[in-house]
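Student:
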DNA sequence: AGTTAGCACTTAAACAAAAAGAGTGCTAAA
DNA sequence: TTTAGCACTCTTTTTGTTTAAGTGCTAACT
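Protein chains in written order, with the working numbering: chain A, 1 to 360; chain B, 1 to 360.
#1: With a cut-off of 8 Å, does the C-beta of residue 238/B fall near any C-beta of chain A?
#2: Where does residue 60/A fall in DSSP's three states?
#3: Output yes if chain B places a C-beta closer than 8 Å to the C-beta of residue 252/A; else output no.
#4: Closest by CA to residue 31/B, which one among 45/B, 188/B, 129/B?
#5: Listing by chain order, which chain A residues have their CB less than 7 Å from the CB of residue 123/B?
#6: Output the distance between the C-alpha atoms of residue 222/A and residue 154/A, rounded to the nearest integer angstrom.
#7: Within its chain, find whatever has a CB closer than 6 Å to the CB of residue 185/A; leave out the 5 residues flanking it on each side and keep chain order.
#8: From the DSSP output, in three-state form, read off residue 198/B for me.
#9: Going by DSSP, which residues form a beta bridge with residue 237/B?
#10: Expressed to the nearest angstrom, what Euclidean distance is found between the alpha-carbon atoms of residue 281/A and residue 315/A?
#11: Classify residue 321/A as helix, strand or coil using the three-state DSSP reduction.
#12: So, with DSSP's three-state summary, where would you put residue 164/B?
#13: By the three-class DSSP mapping on this structure, what secondary structure does residue 171/A have?
#14: Would you say residue 146/A lies against chain B (beta-carbon separation less than 8 Å)?
#15: Taking Cβ positions only, does residue 298/B come closer than 8 Å to chain A?
#16: Within 8 Å of any Cβ in chain B, is that where the Cβ of residue 264/A sits?
#17: Measure how close the beta-carbons of residue 143/A and residue 114/A come, nearest whole angstrom, since I'm counting them as under 8 Å.
#18: I'd like to confirm the pairing. Which residues does DSSP put opposite residue 68/B in its beta bridges?
#19: DSSP puts residue 37/A in a beta bridge; with which residues?
#20: Take residue 11/A as the anchor and find which of 63/A, 77/A, 200/A has the nearest alpha-carbon.
#21: 8 Å is my cut-off, CB to CB: does residue 315/B come that close to chain A?
#22: Rounded C-beta distance between residue 124/A and residue 243/A? I'm assuming under 8 Å.
#23: Looking at the structure shown, is residue 246/B part of a helix, part of a strand, or coil, going by DSSP?
#24: In its own chain, which residues sit with a C-beta less than 6 Å from the C-beta of residue 292/B, not counting the 5 before and 5 after it?
#25: According to DSSP, residue 327/B sits in a beta bridge with which residue or residues?
#26: Below 7 Å on C-beta distance, what does residue 256/A contact in chain B?
#27: Determine whether the beta carbon atoms of residue 341/A and residue 110/A lie at a separation below 8 Å.
#28: Compute the Euclidean distance between the alpha carbons of residue 195/A and residue 189/A, then round it to the nearest angstrom.
#29: Is the Cβ of residue 72/A closer than 8 Å to any Cβ of chain B?
#30: For chain A, is any of its Cβ atoms less than 8 Å away from the one on residue 216/B?
#31: In three-state terms, what does DSSP make of residue 132/B?
#32: So, does the CB of residue 152/A fall closer than 8 Å to a CB anywhere in chain B?
#33: Indicate the three-state DSSP secondary structure (helix, strand or coil) for residue 206/A in the structure shown.
#34: What's the gap between the Cα of residue 131/B and the Cα of residue 304/B?
#35: Alpha carbon to alpha carbon, how far is residue 198/A from residue 225/A?
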C-alpha cells in the first residue's frame, strides 16, 4: 500500500495526531497540533488539512466540535511508516537477555517468561502462543519398566522433542514384556500420524504381543493422546491488569468480552496461525476477523526454530497503543527468544534449553 | 467459634440479610426482610434487631439510611452455619464427571480443567494450584541415547512422577557411555535432595566417568533444575471475565489490583499452603493476609493423593459470593478430581491419568 | 417487656437546567 | 494560500432540586 496521496504536511499532521492521541488518549484538536511545534502554520490551516484527512479516512471525529482521533487506517499508515525506519535503540536489550537467560527451561517456560517480559516492558497484555502443530509423528519409542503395574513410554517426536507418559496396567508386567512392547511400537508406530492409528492395526499389535496383549491398548491410547495433545496449540497471557489503566477498557463489557476471547484461545490461535512472516505483525482493530478485537490491536512475532514456527510472542493492547515502542520491544524479545531456542548448532556442553515440551 | 450469643430470631434475620444481599448485591432493609416471609413481626422489630446485630459486628451500614450489608463476620457466621448442613444435591455431578473424564491427562491438565469447570459452574473465577513440594528426590534414573550429541534423562521422582529432559553435549557420546552414566546416576544421585548435590560429588562422578566426564556436568545441572522446578508451585486461573459481572469489581482499580495479585501468584500460593484440612476452606476478605483480598473471598479444597496434597482447586469471587452453591460445587469437583488422580489402587487396564507432571 | 405504628430525619441517587469549554466550519481579509 | 475572527455545535461540568429508601426514636399497644 502506498501513501503518495498524502502531502508531506499531511503526513506530519497525521503523525502528530496519532502520537498525541497515543500519548493522551483523548481527541486532539488543531490548536494542540500547532502548539506542538513542528508545524509553522496556524490552527486554521491545520483545521483545513485535518478536514481533508478526515475525508480521506485517516482521521475520525467522535462528534462535531471534538478533536480528531486516528481511524484504523490512520494507525495503519502510522505503523507502516514506522516499520521502515524504527530505530533499534538497544537500551533494554541487556535487561531482556538477562531476564530470559535466568529463566531458561522448557520452551513453554521461555514463552511464558517472554510474555511476562513483553507485558512488563510495554505495559500492555503480553501473550505467548504455542501454535498448533499440523501433523506430528513419533520417530522413536523407549519403554521403561516402572513397577509391576506401571510402565513409562518415552516418545521422541519427529521434531526431536521428548514426551513421556506413565501407563498403568491391569495385569502385572515384566521387564521382558516391556522390551517386546518397545520393539513392537518402534516397528509399527513410527512415522505415522494419529489418524493412521486404527483398530485393525491395534488388533494386529495385540496379537503380536501374545499373552501381554493387554499392554497394547493402554499404550496406544496414550500415544494417541500425546499426539493430539501436542497438536493442541496453547495461549498464555499475562498482565491483563495493565489494560485497566487505559480508559478504553473502563467499559467493563468490552473488557469482559476481550477476556472471554482470550480464554477461548481458539480465535487468537487461528489469528496468528494465518499471518506468519518472519517479522513483526501488526493487526489493527477490525483488520482481524475476531469481532471482539474491534477496539484492540495485536502486535506479534513468530519464533522460528530451524525454519519451523515453534511459538509466537506478542502484545495485546488498545487501538492507540504505543506502536513505536511495542514494535521495537517485540522485535527484540522475539530475537532473544529465537536466539535461545533456535541455535541447534551451537554446542557448548551446557544443558540445552529443554525440548521436553512437557505436557501443557 | 460459637454463636450462642445470637437468638434464634437474630440468626434468621442475619441469614435472610446475607442471602438477600448475595442475591441482589444491594443493602437490604428491614422492610425487605419482613416481606420475605419467614418472620412474622413488623419492620420496626426487625429494625431493632438489626441495630443490635450491627452493634455486635455482624452487619454494617454503608451510610445512615441505607439498608444493612453483612460484615465479614456476618459472612463467616453464614458459612460456618452452612458447612454443618449443606445439602449435597448431586445434580450436576454427572456433568462434572463427564467433563473431567473426557479431558484426562496430566495432573496439570486435570487441575486446569477443574479450574475451568469451577469457574463455569459458579460464575466466579476458578483457580487451580499445584503447591510447592517441600523437598523432592529422585528414586531412579534412566538415560536414553538420542543422537551423537544428545541424550535424554528420564527421572522417576520419589512421588512416582516421571520427568524427562533432553541434554545436549559438546562431544559425541555412545550408547555405552550412556549406560555407564545411568548406572552412575542411580548409584549416587538417588534419594538425595537438591541441596545435597555439591561440587565434590560432581567431581567424583566426573572421575568415575573417565573420558566421558563431560556428560556429568550437563546431566547433573539438568537434574538439579528439575528438582528445583518441581518445587515451584503454580497457579492457574480461568474465568476472570466472570468477575466483571459483579458490580463490586466495576471499580477498575480494585479489579486491577486483584488481577495483579493473581499474576504474582506467590501470595495466593502461600495462602493456600497454610490452611490445609481435608475439607473445603473459606477465606473471607481480610481473614487472609493478602491485602488485596479485602473485597473478595476464596473458597478452595486441597486435592490429596495417597495422603499428600497434590493440588488445590477453588474459586475466587466477591465477598458476597453464593457460598451455598460454591461450597457444594467445590466439594464435588474436588471429590471428582481426587477420584481421578487419587486411586492408585484401582486398576482397570486403562491408561492412568498421567503422573507425568510434565514441566510447566 | 416486647412489639408495633407513625413520623421526622438523613443520605444517596436521579433528574434538570444552566454554564463552561473545546473545537470546528466558514467567511473575509491579508 | 494562509490566517484571523466569529458563530455554532456538542460535550462536560456544575449546581440545585426532587425523589426514594431506610433508619432511629418516641409513644402507644398488647
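Quick reminder that beta carbons are idealized off the backbone N, C-alpha and C, glycines included. Keep in mind it's a predicted model, so treat the numbers as computed, not measured.
Tutor: Working from what's here:
#1: True, the Cβ-Cβ gap to chain A drops below 8 Å.
#2: Here residue 60/A sits in strand by DSSP.
#3: Yes, residue 252/A counts as interfacial toward chain B.
#4: A check of alpha carbon separations from residue 31/B across 45/B, 188/B, 129/B identifies 45/B as the nearest.
#5: The premise fails here: residue 123/B is roughly 12 Å from chain A at the closest Cβ pair, so nothing lies under 7 Å.
#6: Within the model, the alpha-carbon separation for residue 222/A versus residue 154/A is close to 11 Å.
#7: Closer than 6 Å at the Cβ level, and outside the excluded window around residue 185/A, lie 141.
#8: Residue 198/B: coil per DSSP, three-state reduction.
#9: In the DSSP assignment, residue 237/B is bridged to 127/B.
#10: Cα atoms of residue 281/A and residue 315/A: separation of roughly 11 Å, rounded to the nearest angstrom.
#11: Here DSSP, grouped into helix, strand and coil, assigns residue 321/A to coil.
#12: Looking at residue 164/B - three-state DSSP - the assignment turns out to be strand.
#13: Residue state, collapsed to three classes: coil.
#14: By the rule that beta-carbons nearer than 8 Å mark a contact, residue 146/A touches chain B.
#15: Taking Cβ atoms only, chain A never reaches closer than 8 Å to residue 298/B, which makes this a no.
#16: Residue contact check for residue 264/A against chain B: no CB pair falls below 8 Å.
#17: The pair is not a contact, with the Cβ atoms about 35 Å apart (cut-off 8 Å).
#18: Note: residue 68/B sits in a beta bridge opposite 28/B.
#19: The partner list for residue 37/A (beta bridge, DSSP) is empty, contrary to what the question assumes.
#20: Ranking 63/A, 77/A, 200/A by CA distance to the CA of residue 11/A puts 77/A first.
#21: Against chain A, the CB of residue 315/B has no partner CB under 8 Å away; the residue lies outside that interface.
#22: Between the beta-carbon of residue 124/A and that of residue 243/A there is about 7 Å, and that keeps the pair under the 8 Å contact cut.
#23: Coil, per DSSP.
#24: Excluding residues within five positions, the ones whose Cβ falls inside 6 Å are 257, 258, 261.
#25: In the DSSP output, where bridge partners are listed per residue, residue 327/B has none listed.
#26: Chain B residues near residue 256/A: 241, 244.
#27: Cβ distance < 8 Å, so residue 341/A and residue 110/A count as in contact.
#28: Rounded to the nearest angstrom, the two C-alpha atoms are 12 Å apart.
#29: No, residue 72/A lies away from the interface with chain B (no Cβ there is under 8 Å from its Cβ).
#30: Residue contact with chain A for residue 216/B: absent (no Cβ-Cβ distance below 8 Å to any residue of chain A).
#31: If DSSP states are grouped into helix, strand and coil, residue 132/B belongs with coil.
#32: It does: the Cβ of residue 152/A has a partner Cβ on chain B nearer than 8 Å.
#33: Of the three classes helix, strand and coil, the one that applies to residue 206/A here is helix, per DSSP.
#34: Cα-Cα distance, rounded: 11 Å.
#35: Approximately 14 Å between the Cα atoms of the pair.
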